[in-house]
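Step one of this worksheet: look at the structure below.
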Amino acid sequence: MDRREFLNNISALPLIYLLPTGFSQSKTAMATGMAMDHNMSHDMAQMVTPSSSLKVVAESPLLAESALPKGSALQPLSQLANNSHAIGHFSATLTAQPVDIELVPGKQTTVWAYNQQLPGPLIEAFEGDTVEIRLINQLAQATTIHWHGLPVPADQDGGPHHAVAAGAERLYRFTLPKGSAGTYWYHPHPHGDTPEQVYRGLAGLFIVRSKDDPLTAFSEQHLAISDLRLTESAQIPDNTALDWMNGREGQFALVNGQREPVITIVGKQRLRIWNACSARYLQLHIPGMAFSLVGTDGGLLEQPVTMQEIVLAPAQRIEILVGDGQMRHTSLQALSYNREKMGGVEPEKDRTLAQLHFVAGPLPVTPQHLRKLPELGPATAHKKVEFNETMSMEGGKHQMQFLVNGKSFDMNRIDLESHLGEVEIWEVFNNSHMDHPFHLHGTQFEVLDSVLDKQTIPATYRARRDTINLRPYETVHLKTVHTQKGVWMYHCHILEHEGQGMMAQLQVK
Ligand code: C2O
Ligand code: CU
Ligand code: CU
């Protein structure tokens, strides 16, 4: 049954599933069987519950945005120190644990963090380096570290098969291959608990550098954008039913853990920007300034692309060059983006992420050639992936389900198989009413085209990505190849959807 059928059928049912929350109004829409195409009523959202195994709380009064101080200078991300003195070796420890920090003056917020830092420390390593990270799990539940976008061996990928129990530790070890320079991140990926572990603060940044980077003349700044919800007592609440449906967005979108920091851009600089939010889309725009897109998830483009705005879906990263030497005060905006949230939830309004102060300084020449992306060659295999949303009855309650090819994630089921080294075209179809970002583990891919309303739009530039957004009913064709054997996840990167089963497994043999 799809959502529309469900909505039509449900009008005949008694309203016994309403959760005791503050929402009272209009049962009329349902009672009249009115088709609510994109937006279910708030009541409906309360009535349809996510799976019974999920923690759900009522919406609680939130902290006023103004309670979090804004306007201080952007703090650079703290770097994870390399404990190894051997050349070509990076070794360090990440401890995941609850910690109290003072975000709101005079109040303690309990977060779950890596090395007590929010966001987690930045790892910087070079192509060719061997990286050894010890994870110490001091959480009360199992966790993993997933190296999002990095081409690591499957048993080092930190997927749900390799849980590290509460109180346990493990060593991750991998070598960064040539050509992997780019902007990555790391986050937990245990079975079912990924959303909570990330919204409580566990996520960190990872940059792989190349010895022949064409942009070294530009100084760099790093902007990790994360989402945070705080209650009046400055605590992080559990997910509500609406969060499980739409993906969680808090009242804050922070840059390097700060609310609306002031970023001073000297001359022309290179910015790396991460969308490390669970579900928030960032339609980035700098009023009065264009910028050059020079890199995506998996590193540099072939040449810079001038842009006024760009949508960064959850988990995506970009590198841009910005600044023209003119003094000016502007801002970094996340413009309103309608991703067709359900339950009558309005799209986000325009939001200021940071103040930007451009000042005079060095203006290196932007190279017109950044790198030659290798051609993957002709594809000899095809894969089809479909994202679906359905309603079902379980335990007398209507439940929303988020599925891949009609199925909910099962760790013991292989959904697709690929041959090592075989170039493939993946056709990914979003057969649903809302946006979903598709993410594939173990490799990067190149988007060839997208099809929406029967219109095929070829990709306008070549780029390496591991995450791509799909509008409702959009199809994306991408080309990829897996060069490591093993089991790899592919899923929606709205973490609440992933956590409810919008995930599947590819076995590469
Ligand atoms: Cu960023 Cu499967 O994850
Ligand atoms: Cu990933
Ligand atoms: Cu989704």
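Taking the numbering used here, I'd label the letters of the sequence shown as residues 41 to 549.
Where a beta carbon is used, it is the ideal one built from N, C-alpha and C, also for glycine.
By the Cβ test, the segment 107-116 is in contact with the segment 296-312, since at least three Cβ pairs between them sit closer than 8 Å. With a beta-carbon spacing of about 6 Å, V362 and M329 fall inside the 8 Å limit used to define contacts.
Counting only residues of its own chain and dropping the five nearest sequence neighbours on each side, H231 has a CB closer than 6 Å to the CB of P200.
Note on N296: 16 or more other CB atoms within 10 angstroms of its CB, so buried under the neighbour-count rule. Per DSSP, reduced to three states, the secondary structure at L510 is strand.
Beta-carbon to beta-carbon, G526 and P228 are separated by about 19 Å, too far to satisfy the 8 Å threshold. With respect to the C-alpha of P387, the residue from E434, M474, L413, D364 having the closest C-alpha is M474. Following the DSSP letters along the chain, one finds T234 inside the alpha helix (DSSP H) bounded by residues 234-239.
At the C-beta level, S458 and L546 come within 7 Å of one another. DSSP places L535 inside the alpha helix (DSSP H), whose first and last residues are 535-539. Fewer than three pairs of CB atoms, one per stretch, sit closer than 8 Å, so the segment 418-430 makes no contact with the segment 317-333. Per DSSP, the unbroken alpha helix (DSSP H) holding A281 starts and ends at 281-286. By the neighbour-count criterion, in which 16 or more other beta carbons inside 10 Å mark a residue as buried, E434 falls on the exposed side. One alpha carbon belongs to F427, the other to Q157, and they sit about 35 Å apart. Taken from the Cβ of A544, every heavy atom of ligand 1 lies 6 Å or farther away. Set against 6 Å, the gap from the CB of H188 to the closest heavy atom of ligand 2 is smaller. Listed as beta-bridge partners of G335 by DSSP are L340, E359. Under the 10 Å beta carbon count, L268 is surrounded by 16 or more other beta carbons and is classified as buried. Annotation: L456 to A136 spans about 33 Å, alpha carbon to alpha carbon. S106 carries a helical assignment under DSSP once its states are collapsed to helix, strand and coil. Note: F485 is bridge-paired with R505, T520 in the DSSP secondary-structure output.
The beta carbon of T150 lies closer than 6 Å to those of P138, D140 in the same chain, with the five residues before and after it left out. In the same chain as T170, and ignoring 5 residues on each side of it, the C-beta atoms closer than 6 Å to its own belong to H129, T215, in chain order. In the three-state scheme derived from DSSP, where H, G and I count as helix and E and B as strand, P200 is classed as helix. Proximity to R312 across A221, E380, L242 peaks at A221, based on C-alpha coordinates. Under the three-state reduction of DSSP output, D140 falls in the strand class.
Within the DSSP bridge table, the entry for T304 names H397 as partners. Taking C-beta atoms as the reference points, E514 and S472 fail to come closer than 7 Å.
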